[in-house]
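Peer 1: Quick one: the structure is below, questions incoming.
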Amino acid sequence: MSTVVIAPLLVALVTAIATLVTRTNLTVQRAVSLLGGVGYLAAAALLFRSVVLPLGSAGRTIVYQVSGWQAPFGIVLVADPLSAFMVGFASLVSLGALAYSVLYVDAYGQKLSYHTLYHFMVVGVTGSFLTGDIFNLFVWFEVMLMSSYILVLFYSGPEHTRAALNYVVLNLLGSAVMLLAIGGLYATTGTLNMADLAQRLADGSNVAVTPVLGLSAVLFSVFALKAGLVPFQFWVPAAYRAAPAPVTAMLAGVVKKVGVYAIVRLYFTVFAAASLPVSLPFVSGDSVLAFFGPVMFLMATASIVLGGVGAVGRTDLDELLAYSSISQVGFILLPLAVAATAESAAVRTLGVAATLVYAFNHALAKSLLFLASGTVQEAVGTARFDQLGGLARRAPILATGFLLGALTLIGVPPLSGFFGKLLVFQTAAGAFSGSAAGAGAALAVALAGAVLTIAYYTRAWNDAFWGAPGPAVEASLPGRWSGPVEIGAEEGEGTTGSDDFALTGQVTVVLVLALAAVGFGIGFDALYASATAAARAALDTQGYVDAVLGSAAALAGVVG
Amino acid sequence: MQPTPEVVLAVVFLPFVAAALTPAVFRVLGERTAYFAAATALVCFGLVTQLSLAGAHGTVSYEWIPSLGVSLAFYVDGLALLIAFLASGVGVLILTYSGGYMHGEPGQAKYYATLLAFLGSMLGVALASDLISLFVFWELTSLSSFLLIGHYTSESASKYAARKSMLITVSGGLFMLVGFLLLVWASGQALPESTYSLVVLLENADAIREALTASGLLVPALVLVGLGAATKSAQVPFHIWLPNAMEAPTPVSAFLHSATMVKAGVYLVGRLRPLFLSEEAPLLGEWTLLFAILGLATMTVAAILAVSSTDIKELLAYSTASHLGLIVASFGFANEYGAEAGAFHILNHASFKAALFLVAGIVAHEAGTRQISKLSGLRKHLPVTAAIATVASLSMAGIPPFNGFYSKELLFEAAWYAGKEIGGLGYLFPVVAVFGSVFTFLYSVKFASLFFGEENDNLGHVHSPPATMLVPPAILGLLVLGISASATLGLGPETPINAFVGHVYGSVSPGDPHGFSVHFPTELSPYAAMSAVTILVGAALFPFYDRLHDGINALLRGPVRANWWYDGAVEGLSATSVRTIPSVQNGLLRTYATWALASVTVLALGGYAAAGVSLPAFEGFAITLPIFLVLLVAVVGAVAVDIAPSHVAGVLTLSILGFMVAIFYILADAPDLALTQLVVETLVLVIFLLVLNRLPAFYGEVNRSRAARDAVLALAVGATVFVTVLVTTAASPAEPIAGFLAENAGVPAEHPPFFTNAGGGGNIVNVILVDFRAFDTMGEISVVAMTALAILTLIRMRERGETQ
Amino acid sequence: MMGGQPQFVLAAVLGVLFALGTYLVLRRDVVRVVWGITIISQSANVYLVTMGGLSGFAPITGHGGSAESVTDPLVQALVLTAIVIGFGTTALALVLTYRVYEEHGTIDMYELGGHGE
Amino acid sequence: MSGRELDNRPYDYEGDRRTTVISRTVTRIVVPLILLTAVSLLLQGHNLPGGGFIGAVLTAAAFVLIYVIFGLEYVQTDVLRMSPDGDGHSPVGAYRWLFGGGLALAVLSGLTPILFGYEFLTQGVWFFKHVPLYEEFEVASAFFFDLGVYATVVGALLTVAAEVGTE
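Read top to bottom, the protein sequences are chains A, B, C and D.
For what it's worth, the numbering used here labels the leading residue of the first sequence as 1, then goes sequentially.
For what it's worth, the numbering used here labels the leading residue of the second sequence as 1001, then goes sequentially.
For what it's worth, the numbering used here labels the leading residue of the third sequence as 2001, then goes sequentially.
For what it's worth, the numbering used here labels the leading residue of the fourth sequence as 3001, then goes sequentially.
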């Protein structure tokens, strides 16, 4: 039954509204919200099962015609392995961050609007992953953005309003630009449906294809803005610091990936269909990707360098993580840049799969790190390095979680992050048969970025977790506080306080995510198989078009 | 004989399992956890011995990531067994020794768990035969040594040392990984299928080498893999992390320097030697150029640095780097003596270096200082220790008849033959080898001399070490004596030690292995002469040791030291970060918007240019007069907003623009839009006025040059929009989807009492909103509802901080 | 039904409107920034409507009536929702401006960015 | 007066809203008319210009007009007969129920077809012929969705207006 496609979105939507309606009773509201989070995970799992499993197969594409109107006229939701992969990891991170939120956000805020906004953010993310219609994508972007705006400044304060102002204005510009691009695409091609768009571009007889490159370039900047790529990264550090920890976890873990997903879906599945001679001073080709390959490479390089260099010298753990996020998104984009210009289909698939695996790993690790940082702030009152130190002794479990998160981003095996790095390197190495210079450049960038990653995470670890306890740590954690499980508590005594339950719960969430990073590393085969299926689906334009428009015809028969 | 899979798995994973159990064990056993850990290592040692005695040779493989072609595979051969032997054997001694050394120290559960994981990782490195499996264990050794070096977490020296080792070895590891991937890529070119299996790569060494050479990747692959080995084995200029690593507890240093971590690098060089070095390899191929030079340079530089050391552990640390250089250089030479020297010296170095570190630990622990200047005459208080130290030091110095002499002699032989056959500058090889060895002699003798002579007045009471600390180095000392005896007696290849080294030799040489044996030189060969020169010059220089020490220290300042570069790079990076970021992320929306909009402009215009879009020809105004007039007023309104002298004036002119847009919608036959626009515009006006009421009259005076820059960007954006509108209005796609919507929105002429296949409404726009694209509307009303929530939250959540 | 004829006047008008909006977004006064955003969003809406063609009948049909030569109803539906969303975001931006002023005591972008002059 | 002082001064509804008799009278006449128009726009939206969005913004506009002319307090206590809720704010609670309910209605109207085997948000039309007074009578399920849209937008806009107004 194709309802499985829309199920995650409906679960999130109903949960959002249910939390709005049940706001008078905090206990009920929390229960509804958590239940919704679990339901979302279940729906995502179901979707994953119907679309991707069994592992190793090519997967399926299931189309859902919202309102019963056939594609391309109505809006369709399309669940292929790519979408299911994205929804799947969004559901993991979002449940973790939600459970953390319940323990973290103050009761008044939860009652007022937090849960509703949180689930609407999930709705927006899910809609963006599933939709097969570019204007509908715009709508879900708006849903996602509106909730993120307000979640960023959920706790008012000078830093927060200032950060939100920049975030909001840049994204409002982005929305206007996106509308412009979508209008332009509709005017040139006469359709809003992605599959139809791909088909019309591939056909080329009924539409003017040449303007599409410029329009898709405009659109690209919107996705780069969402993903926080240089030179659209400006909003990232302040907004990430301002947002409550679980929201930052979602922003960095999931919302950013919507930009990445959109790039994969629209540029590799849809726009790549256009047969269009492209000539630039150094590159030429017959696909829009010939243009976007170098663009993505430049953006990825700039992001890796700026984010990496930026992170090394920050004075605050949150800020360091925010810059790291810029750098890591560069890593996510890098294999796409290689894939865009690669001649061999195997390298293209590998590149897209590398992007997806890296995105997955970053979602897991970065949300974990932001949550850990949030717990540090809640326990100690600050995340400034000059106030921290000695946390490895005072909060060993939390420290272990943080270390695993940092190591997975550094790429230490057998954590899942290692395989992300491995695939990025492999993609670049695979490009040797095409362009040795390009491959060499990509490898050099990736290696430089990897070294920077080690530099800033070792710094964070040394300054926050090792060393003598800083003033704030000494004041708030005088003894040893071990979190959920006591390990080797041979010294000091656990501090007990009213916050203990909440803190313990938060640390548990961090630990669970860390163990997931270990688990997905050791069981990487499953992750890789699904990422490969997703990459194949992303690159199979014809399959996508057939699935969407073909089944539309079949359905028209039923309805008519 | 094929190795038993269970045994191989047990060897590698037993330490990890024990590490996981350590916290629980510690609760029961307390400090006696040391013996639990030592027992674990002993079991591994026993299993390795069993494998070795059974003559195991072959592969054990399990599927891990089949879709990537990666498996959890192990390969048992001489080299693997040697390293596994050393790691587990020295491990037993180190863990036992720790029981005494770590007495009363905090964090022991973590210490033993990490040390066991370290042991397991090293065993994994030794035995792994899949490149990815190898890399996994490789990085785990880096990670566990990071944690061990930083064991005293609150010491800033520990933090510095741990970060340094992590930065250098993990980065090096990543370079090596890229090198591995090049090998895998080449295997894909050379073989039917690309492979991660080391065994397959080694079996097809010639084909792989050819593929690499053909694509010009031989040197890159060699250099990348070499970087991994060099960083791990502390080769110049990456040797700098090793002396700092002495911040770790001494047993860790002993382990790290003798049998684990640094041995991983030389292991890799040995392991890949037959891959890069064919039997008919040129004397001065890429391999030799890279590794012989790197190794000899390290051997010499590190030996000189050891002489400059003021701390016994620092001296030993540089000495380790120097001896690893010796091994790397040996493997670098493309002759059989090189392979023999490397294989034999791995064993010898482990035996004497582990002993010396444990001795250093006893000295530091019992005498309370590690300063060379404060130590002398220790023999009186530590007689057994002194004996061990003497034996081990003489072996390290390369003095016959101790085992260190024989492996060094083989290096001299290799260097001599290489020099002779290459000729000319090739003679630099033996010359440098002798030069470096002189310094080795000097610092080794210096170390031994600490136990002799007059007792230093500054030394307080020196305790006797406990048995747990004395027995392990004693065993190592006996091992040194045993190997020395075997070599000096000139026993044949079939004796256990020689047979064992012979197996190792087989692993690191291309072609068929042959038996291994050494014997005491009985005639004056050139290389025996080299040894003699080394010892004579060393002995002659020893009286001037302090002057040499001071002189080297005087020379080693600033950029001459690799540390200067490391610290400069790390601090420079940090300073760059601190300096540049505030000017990039300067908090000014103006900067952010400028970059973002300029990028959009560049992307868009670049896109149009790259696709060769041509602007349409002018075909008339294509617009009715009323629309033209309305648009004109709208533009005038917008201009007025830009130059509005006050907020109120601006809001009012903004409304003019809004209402003009509404009229435009009427003229464009969009009645719904016009109605909505009118009402919304009114609401916006009211809200604007309500909010403005609360805001101060700040308008920000316009700076001329800034305004000019902004105007340029504004014009660029305007031009982009102009081009976009022109290009897209000129396009006329066939059959836009709107046609279908218009046709199906209404009530069909013939219709059943209930239908879903048509909109059923006359207002097509509304039918689209509630039916065709009701899903969009669903999202839109969510946004509207969230706006309300947003404003509620903004106003009500004020004064509520995140951390309360 | 769709464009087909290049709209030079509209292109020029929209170009000017976007340029004016951009200029406002770069100003120091937060209120002007909000105006800039408003102008840009409005212009984007106008652009979309333009895509629907400027000549034709309003997209209203009777029962069983013909849908011939109406202006493109799709873009009108899109713009209708865009207008409502635009209202929401403008309101949000304004209230945010007010809160910024409350928190910082200024609506000067330079002072907000820590570059007080 | 600095911003902070401005912010802290007590809000004087009576003093601020010295409206004339004429404007009050006009409003009393105009507002019902606007509301009537709004409702008819909502109802006829499927066939003639109008619909949930437009009806809603017009309804909200009518209320805002009353706010402007009479002041918030008057509307809330006298027109809507509500008492300000606990934390001294406007009856935003009620508006929240309105937009919450509107969203719920819209989603429910979308979910209903799923029960009958149609896709989410599938809209149907019932035609009843030979109905007294009307020759033909048409009921579109889309109306319920539109009603949800209407309630959501009215609720949200009034929340915005009330929150901004009380500040």
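Idealized CB from N, CA, C, for every residue including glycine.
Bear in mind the structure is a predicted one, so any value in this text is a computation, not a measurement.
Take C:LEU2078 and list the residues in its own chain whose beta-carbon comes closer than 8 angstroms to its own, dropping the five residues that flank it on each side.
Peer 2: Closer than 8 angstroms at Cβ, skipping near neighbours: LEU2048.
Peer 1: DSSP beta-bridge partners for A:ASP546?
Peer 2: Per DSSP, none; premise fails for A:ASP546.
Peer 1: Quick one: is D:LYS3129 buried, meaning 16 or more other Cβ sit within 10 Å of its Cβ, or exposed?
Peer 2: Counting Cβ neighbours within 10 Å, D:LYS3129 comes out exposed, since fewer than 16 surround it.
Peer 1: Quick one: grab the DSSP three-state call for A:ASN136.
Peer 2: Here A:ASN136 sits in helix by DSSP.
Peer 1: Is the beta carbon of A:SER91 less than 8 angstroms from the beta carbon of A:ALA16?
Peer 2: Not a contact, by the Cβ cut-off of 8 angstroms.
Peer 1: At the level of alpha carbons, what is the spacing between B:THR1624 and B:LEU1692?
Peer 2: Going by the C-alpha atoms only, they are around 38 angstroms apart.
Peer 1: Using DSSP with H/G/I as helix, E/B as strand and the rest coil, what is B:ARG1704?
Peer 2: Three-state DSSP puts B:ARG1704 in a helix.
Peer 1: Please work out which residues of its chain come closer than 7 angstroms, Cβ to Cβ, to A:VAL125, disregarding the five sequence neighbours upstream and downstream, and give them in chain order.
Peer 2: Excluding sequence neighbours, A:VAL125 sits near ALA90, MET144, VAL254, VAL255, VAL258.
Peer 1: Quick check: A:GLU477 and A:PHE385, are their CB atoms within less than 8 angstroms of each other?
Peer 2: Here the sequence assigns Leu to residue 477 of chain A, which means Glu is not the residue at that position. No, these two residues do not count as a Cβ contact at 8 angstroms.
Peer 1: Residue ranges of each alpha helix (DSSP H) run of no fewer than 4 residues wholly in the region 56-127 of chain A, ordered along the chain?
Peer 2: Taking only runs of at least 4 residues, the alpha helix (DSSP H) segments lying wholly in the region 56-127 of chain A are 81-104.
Peer 1: Measuring only between beta-carbons, confirm whether A:VAL312 sits less than 8 angstroms from chain B.
Peer 2: Chain B, which has a Cβ nearer than 8 angstroms to the Cβ of A:VAL312, makes this yes.
Peer 1: How long is the line joining the alpha carbons of B:LEU1394 and B:GLY1100, rounded to whole angstroms?
Peer 2: Near 27 angstroms, if we compare the C-alpha coordinates of B:GLY1100 and B:LEU1394.
Peer 1: Measure the beta-carbon distance from B:ALA1234 to B:LEU1242 and round it to whole angstroms, keeping in mind my assumption that it falls under 8 angstroms.
Peer 2: Going by Cβ atoms, the distance from B:ALA1234 to B:LEU1242 rounds to 4 angstroms, so yes, they are a contact pair.
Peer 1: With a floor of 4 residues, list each alpha helix (DSSP H) that falls wholly inside the region 1506-1549 of chain B, ordered by position along the chain.
Peer 2: Correct list: 1526-1541.
Peer 1: To the nearest angstrom, how far is the alpha carbon of A:GLY550 from that of B:GLY1761?
Peer 2: Cα to Cα, the separation comes out at about 28 angstroms.
Peer 1: Pairs of beta-carbons, one from the region 241-252 of chain A and one from the region 102-122 of chain A, closer than 8 angstroms: are there three or more?
Peer 2: Enough Cβ pairs lie closer than 8 angstroms, so yes.
Peer 1: Ends of the beta strand (DSSP E) at A:THR349?
Peer 2: Where A:THR349 is concerned, there is no enclosing beta strand (DSSP E), although the alpha helix (DSSP H) it sits in stretches over 345-380.
Peer 1: Since D:LYS3129 is in the beta strand (DSSP E), which residue starts that stretch and which ends it?
Peer 2: 3125-3129 is the span of the beta strand (DSSP E), which, as asked, contains D:LYS3129.
Peer 1: Would D:PHE3143 pass as an interface residue toward chain A - the criterion being a Cβ-Cβ separation below 8 angstroms?
Peer 2: No, its Cβ sits nowhere closer than 8 angstroms to a Cβ of chain A.
Peer 1: Using beta carbons (cut-off 8 angstroms, strictly below), is B:TYR1699 in contact with chain A?
Peer 2: Chain A, which has no Cβ nearer than 8 angstroms to the Cβ of B:TYR1699, makes this no.
Peer 1: For chain D, find out if any of its Cβ atoms is closer than 8 angstroms to the Cβ of B:LEU1808; answer yes or no.
Peer 2: The structure shown does not extend to residue 1808 of chain B, since chain B is modelled only from 1001 to 1804, so the question has no answer here.
Peer 1: Could one say the Cβ of B:ALA1774 lies closer than 8 angstroms to chain C's Cβ atoms, at least one of them?
Peer 2: Output row for B:ALA1774: interface = no.
Peer 1: Output yes if chain D places a C-beta closer than 8 angstroms to the C-beta of C:VAL2013; else output no.
Peer 2: So no, C:VAL2013 is outside the interface.
Peer 1: When the cut-off is 8 angstroms and only beta carbons count, does A:THR495 lie next to chain B?
Peer 2: Unreliable positioning characterises A:THR495 in this predicted model, as indicated by a pLDDT of 41, which lies under 50. A coordinate reading is not provided.
Peer 1: Which residues in chain B have a C-beta closer than 7 angstroms to the C-beta of D:VAL3031? List them in chain order.
Peer 2: Per Cβ cutoff of 7 angstroms: no residues; D:VAL3031 is ~14 angstroms from chain B at best.
Peer 1: Would you give the residue range spanned by the beta strand (DSSP E) that B:PHE1074 belongs to?
Peer 2: Looking at the DSSP string, the run of the beta strand (DSSP E) that includes B:PHE1074 is 1070-1076.
Peer 1: With DSSP as the reference, label B:GLN1371 as helix, strand or coil.
Peer 2: DSSP places B:GLN1371 in strand when its eight states are reduced to three.
Peer 1: Do you know offhand how far A:GLY374's Cα is from B:SER1171's?
Peer 2: Distance between the alpha carbons of A:GLY374 and B:SER1171: 29 angstroms.
Peer 1: How about A:PRO246: is its Cβ closer than 7 angstroms to a heavy atom in the ligand NAD?
Peer 2: This structure simply doesn't include the ligand NAD, nor any ligand for that matter.
Peer 1: Does the beta carbon of A:THR161 sit closer than 8 angstroms to a beta carbon anywhere in chain C?
Peer 2: Closer than 8 angstroms to some Cβ of chain C, the Cβ of A:THR161 qualifies, so yes.
Peer 1: Is it buried or exposed, A:GLN70, if we count other Cβ atoms within 10 angstroms and call 16 or more buried?
Peer 2: It counts as buried.
Peer 1: Are D:LEU3105 and D:LEU3147 touching if we call contact CB-CB under 8 angstroms?
Peer 2: Cβ distance < 8 angstroms, so D:LEU3105 and D:LEU3147 count as in contact.
Peer 1: Under a three-way DSSP split, which group does B:TRP1064 fall into?
Peer 2: Here B:TRP1064 sits in strand by DSSP.
Peer 1: Tell me the rounded alpha-carbon separation between A:SER325 and A:SER303.
Peer 2: C-alpha separation (whole angstroms): 9 angstroms.
Peer 1: Would A:VAL329 pass as a contact of A:GLY228 if the rule is Cβ separation under 8 angstroms?
Peer 2: Yes, they are a contact pair.
Peer 1: Kindly confirm or deny that the region 1744-1754 of chain B and the region 237-245 of chain A touch, where touching means at least three C-beta pairs closer than 8 angstroms.
Peer 2: Contact fails: fewer than three Cβ-Cβ distances are below 8 angstroms.
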